[in-house]
Each structure stands twice: as structure tokens, then as C-alpha cells.
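Each step along the sequence shown adds one to the number in full-length UniProt numbering, with nothing skipped, and position 168 is 168. Presented below is the structure to which this report refers.
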Amino acid sequence: MYVTKKLPMLGFTSVLFIVWICIFLIHHNCKQCNILEELGIRCYQPRSLSEATNNKDDSNDNNDGAPTTVNESESQNETNSASHTNDCNNVSNIDIFHTQKYEDFLSKMKDINLGDQQVLTAQEINKLLDSLGCFLNKKKARLIFYHYNKFMKKLYRNSMDRLWTAFISAALQKGIPQPVQLYYWKKCDDDMMAYFVDIDGTFLDKFRSYLPKGNILSSMKFFSWLTNYKNLWMKELEEHEKKWSNSLKENLDNCVKW
């Protein structure tokens, strides 16, 4: 009699155990989707150079508006560009992503200790994700998104740094004068900046809409949301970096033909 009554209970316990295992595996896989790879942080110089073009006289333009001072010596060009590079650590870069939408997001985090507000490494962000259980509160979600968002912005700056390094190296080899360098770089800088500031604002809006009315949300759904965020950001970044890499190369090649 005792054995007969116990069998249904054992079956129910087994089902619960299997369900728990499934939840654990899904939860683990979602975390794996959000693992970030660390990218080296390099000095971000291009912002100051693009702003410097505001002081240039572009009255002598060719057909596409580029200055035509192509008879400057290559040695002078290298000296000017090197002087900008040497000032890299002394330049105070404005955070282009610090918009009103970002201010509104930060206003919801006044009760959260953000530390020194430095960009966390990929390993540190992955630790934050690994520390979560099946559920988290909105305070924790905001903290994770805050650091995740800063990391995505760092990837943008690294992308700009790669573009600049390749561009200035090719420009110096071809003997392109600095005013022409700055003219073409500003086109790239302005386009990338406007596009990704806009995307960042869109994701700030989406995150605000994503948070539930209550205080508790599912970790699995949160991981899925972060995955979509990361994938779209990386996709757009890769496409725009490729687009401007080709465009800058083409512009430099055309300069040599003048």
C-alpha cells in the first residue's frame, strides 16, 4: 500500500527535476550568448582631429569640396600629424553619447553605486551575468545594462581608432597634406558619430520600454534582449567600419590622381 502511494510522488519529483534541468540549461545557454570578447583599448585620437577642421579655410575646393593644397611636403605632413598623435593623452574627449536620453537613464540610477564609472572589462561584465539566478530586479538590470552599454560604446571608439590608424598610415604614405586628411576624416567621423548616437538613443528607449511594471524580470528574457542588442550593434559597427574603410581608401586614391 505504501509503495503504491509513493510511486506517483516519485514520478512527480522526477518531472520537477527534469524541468529544473531544462531551465538550468536554457539559462546557461542564454548566458553563453552574451559572453563578450575583450578588445584592446587604444588612445582615441580622431575626435580632436575632426573638430580641428572647423578652423580650416575650405575656400579652395575641388569638385567634391576637398581642399586642394596638394603641394605641401610629405615631411611637413608627417610632422603635423605626429604632433596631433603626441597630444593624444592630453586631449579631453567629449562623450558624444552623453545625450539627454542618457541623462534620463542615469536619473533612474541615483540609488546605485556605479563605482569609478570606468568601462568594465569583458571578463568583469561576464562575471556580473554569471552571478544572476533565474530572476533579477530592475535595479540589477539597470546596472548590468549600464555596463553593457558602456562596453558597446567602447567598441565604437575602438572601431573609430582602427579606421583612423589605417587612414592616417595610408595618407602619410601617399603624401596627402593635412588639410585634405582632415577634410575626408571629418566626413567619416560625422557620419559614424551621428549614426551610432542615434542607435544608442534607440536602445535606451527600448530598454526603458522593456522593463516590466513590476520589480522582477526573467533572467532568460533579459539575456535574450541583451543578445539582440549586442548582435545589432556589432552588425552595424562592422558594416559601417567596412563602408568607411573603403570610402576613405577611395578618397585617398583619388587625391593621388590630382
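Yeah, the Cβ is synthetic: ideal placement off N, Cα and C, and Gly gets one too.
Interface flag, residue i vs chain C, CB-CB below 7 Å
i: residue 246; result: Absence of chain C from the displayed structure is noted, only one protein chain being present.
Nearest-angstrom Cα separation, counted from residue j out to residue i
i: residue 197; j: residue 145; result: 16 Å
i: residue 176; j: residue 114; result: 45 Å
i: residue 152; j: residue 233; result: 7 Å
i: residue 186; j: residue 225; result: 34 Å
i: residue 217; j: residue 205; result: 18 Å
i: residue 99; j: residue 106; result: 11 Å
i: residue 136; j: residue 214; result: 11 Å
i: residue 171; j: residue 96; result: 26 Å
i: residue 231; j: residue 131; result: 22 Å
i: residue 199; j: residue 191; result: 12 Å
i: residue 167; j: residue 123; result: 31 Å
i: residue 117; j: residue 160; result: 22 Å
Range covered by the beta strand (DSSP E) that runs through residue i
i: residue 199; result: No beta strand (DSSP E) holds residue 199; the alpha helix (DSSP H) holding it covers 178 to 210.
i: residue 217; result: 216 to 218
Boundaries of the alpha helix (DSSP H) in which residue i is found, first to last residue
i: residue 151; result: 138 to 174
i: residue 104; result: 100 to 107
i: residue 123; result: 122 to 130
Counted within 10 angstroms of its Cβ, other Cβ atoms place residue i as buried (16 or more) or exposed
i: residue 208; result: exposed
i: residue 194; result: exposed
i: residue 188; result: buried
i: residue 241; result: buried
i: residue 179; result: buried
i: residue 149; result: buried
i: residue 112; result: exposed
i: residue 134; result: exposed
Nearest neighbour of residue i, chosen from the options [CA to CA]
i: residue 109; options: 100, 140, 95 and 170; result: 140
i: residue 143; options: 127, 179 and 158; result: 127
i: residue 163; options: 253, 254 and 246; result: 246
i: residue 119; options: 237, 100 and 158; result: 158
i: residue 239; options: 125, 101, 104 and 156; result: 156
i: residue 184; options: 251, 103, 101 and 104; result: 251
i: residue 249; options: 173, 104, 121 and 125; result: 173
i: residue 147; options: 165, 169, 138 and 121; result: 121
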